[in-house]
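Q:
So, in structure tokens, the structure goes:
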């Protein structure tokens with residue numbers, strides 16, 4: 007009798023652990039998927055930008071990255087993105103005029119470019135319209 011009870015407790019415990027582990031995996035996958043599927047507008051606003059839509063266009067990410075694109079992708083990697091995953095693919099670039107940002111100089115005007123692939127956020131940058139300048143990290147507003 008004792009061995010039957012012990013075996014049932016082990017089976018029940020294993021079943022409960024399997025269910026809990028499966029639930030945790032599903033929650034993590036959902037959270038990661040949701041993070042990347044955020045709308046570009048909501049993403050920019052979450053960084054503290056007030057924006058106005060300018061335009062969008064389809065752009066191709068080259069299969070082979072030249073020096074400039076490699077440098078740009080390093081910026082993307084710092085933000086948690088990686089364009090290498092999308093090499094050879096066509097994506098959508100949305101452009102927004104940044105109308106207000108508390109951490110930037112009021113006299114400067116900025117444009118935010120956001121890249122999406124199949125409605126997933128895959129990268130972006132912020133650049134000044136006042137003078138020639140390298141693109142900056144979108145999250146540099148924090």
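In this note's numbering, the protein residues as written are 7 to 148.
Glycine included, each C-beta is placed from N, C-alpha and C at the ideal position.
In the DSSP assignment, find the alpha helix (DSSP H) that holds residue 80 and state where it starts and stops.
A: 73-84
Q: Is it true that the CB of residue 114 sits closer than 8 Å to the CB of residue 79?
A: no
Q: Once the 5 residues before and after residue 6 are set aside, which same chain residues still bring their CB inside 8 Å of it?
A: There is no way to answer for residue 6, as the model of the chain reaches only from 7 to 148.
Q: Sort 77, 104 and 15 by Cα distance to residue 61 and report the nearest one.
A: Out of 77, 104 and 15, 104 has the C-alpha closest to the C-alpha of residue 61.
Q: I believe residue 67 touches residue 89 by the beta-carbon criterion, under 8 Å. Please report the beta-carbon distance rounded to the nearest angstrom.
A: 6 Å
Q: Excluding the five sequence neighbours on either side, which residues of its own chain have a C-beta within less than 7 Å of the C-beta of residue 63, listed in chain order?
A: 99
Q: If I measure Cβ to Cβ from residue 72 and keep anything under 6 Å in the same chain, skipping five residues before and after, which residues do I get?
A: none
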